[in-house]
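Residue numbers (this note's numbering): 1310 to 1632.
What follows is a single structure, written as structure tokens, with notes after it.
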């Protein structure tokens, strides 16, 4: 729960829309960490996930997109939690040697950070993940067989899991990824990752996040843009998801932190067409639209709302000063 006098903010960078800050590999983390010094801060996984690194800290609440939307609608509360029991779903299509890398990663994270992993389940069928960039340049995709994930999740929850990681096999996106590596494109897998985690959180009302697995687990020796670098030095992105879910808030319906306690929302300036923005406007919650963070979308206050409740600021630094 919030202590008397605590402020609560939300710092969101939507996934797969080519955000110049937060559209790569944990590159919004340093900004979010500064905001978390001013207030308790709700972040979506895209803000802090960074391969084997994570920008998460104890003053942040790690909340995936579906749950975030429901929170803003007032349909649920966030109940602070620590050292959650985490269950992991592995896609059946992951080759054994790739699975072994991920299992070694789990062991390392448990040993170093004390994260409580209750166990894992391999799906009884292939999940069947597809991802692509659509005609508008946005990352999206499809999940052919979500039911096999649901069956695995049920087993883990029955064994005491309080949060779920999903690891699905993705085709190696290297050829589609040159712009992303250079710090100027769209994360090709980000959109469908959001779809996968939405599936689990919507059905089970449990904290969750996704980490992709690739058959090519070699580490690139090419120099890439620092914004993308954390994903090019490791064959697995599992650590950041485990660290995020370790202290992720549980979902509650009668007690916990509610939307009525939110003081402000921080968004990229031209990505204002989402549920959190609409709901924050309805509730007279301050919205800060940051101009230095641009996306492929063109949904601005001027075009959609013309609202004086949305405060446009040149930079995250200026927003921090205002707070």
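Every residue, glycine too, gets a C-beta built ideally from N, C-alpha and C.
Owing to the predicted nature of the structure, the values given are computational and were not obtained by experimental measurement.
DSSP bridge partner residues for residue i (one or two, in chain order)
i            : result
residue 1282 : With the chain running from 1310 to 1632 in the structure shown, residue 1282 is simply not present.
residue 1617 : Paired residue(s): none; residue 1617 is not in a bridge.
residue 1320 : 1352 and 1575
residue 1515 : Note: residue 1515 sits in no beta bridge, so no partner.
residue 1430 : 1398
residue 1541 : The partner list for residue 1541 (beta bridge, DSSP) is empty, contrary to what the question assumes.
residue 1386 : 1561
residue 1496 : None; residue 1496 has no bridge partner.
residue 1371 : 1352
residue 1521 : 1477
residue 1504 : Residue 1504 pairs with nothing; no bridge assigned.
residue 1608 : 1580
residue 1599 : 1577 and 1622
residue 1315 : In the DSSP output, where bridge partners are listed per residue, residue 1315 has none listed.
Distance CB(residue i)-CB(residue j) smaller than 8 Å
i            : j            : result
residue 1579 : residue 1603 : yes
residue 1426 : residue 1397 : yes
residue 1613 : residue 1327 : no
residue 1395 : residue 1551 : yes
residue 1418 : residue 1548 : yes
residue 1625 : residue 1594 : no
residue 1435 : residue 1402 : yes
residue 1478 : residue 1430 : no
residue 1590 : residue 1618 : yes
residue 1400 : residue 1322 : no
residue 1521 : residue 1498 : yes
residue 1596 : residue 1386 : no
residue 1377 : residue 1348 : no
residue 1471 : residue 1388 : no
residue 1363 : residue 1556 : no
residue 1553 : residue 1365 : yes
Start-to-end residues for the alpha helix (DSSP H) that takes in residue i
i            : result
residue 1487 : 1487-1490
residue 1382 : 1374-1382
residue 1412 : 1405-1422
residue 1342 : 1338-1344
residue 1553 : 1547-1555
Under the three-state DSSP convention, the category residue i falls into
i            : result
residue 1455 : helix
residue 1630 : helix
residue 1358 : strand
residue 1526 : coil
residue 1622 : strand
residue 1594 : coil
residue 1535 : coil
residue 1461 : helix
residue 1365 : coil
residue 1436 : coil
residue 1580 : strand
residue 1466 : helix
residue 1568 : helix
Range of the contiguous beta strand (DSSP E) that encloses residue i
i            : result
residue 1478 : 1472-1479
Residue i beta carbon near the ligand FAD (any heavy atom closer than 7 Å)
i            : result
residue 1389 : Among the ligands in the structure shown, none appear at all, so the ligand FAD cannot be discussed.
**OP:** Determine, using beta-carbon pairs with one atom in the segment 1400-1411 and one in the segment 1532-1539, whether at least three such pairs fall under 8 Å.
**Re:** no
Original post:
Would the segment 1326-1343 and the segment 1509-1519 be scored as touching if the rule is three or more Cβ pairs under 8 Å?
Top reply: no
**OP:** Kindly confirm or deny that the segment 1583-1592 and the segment 1434-1450 touch, where touching means at least three C-beta pairs closer than 8 Å.
**Re:** no
**OP:** May I ask you to verify whether the segment 1314-1332 touches the segment 1353-1365, counting CB pairs closer than 8 Å and requiring at least 3?
**Re:** yes
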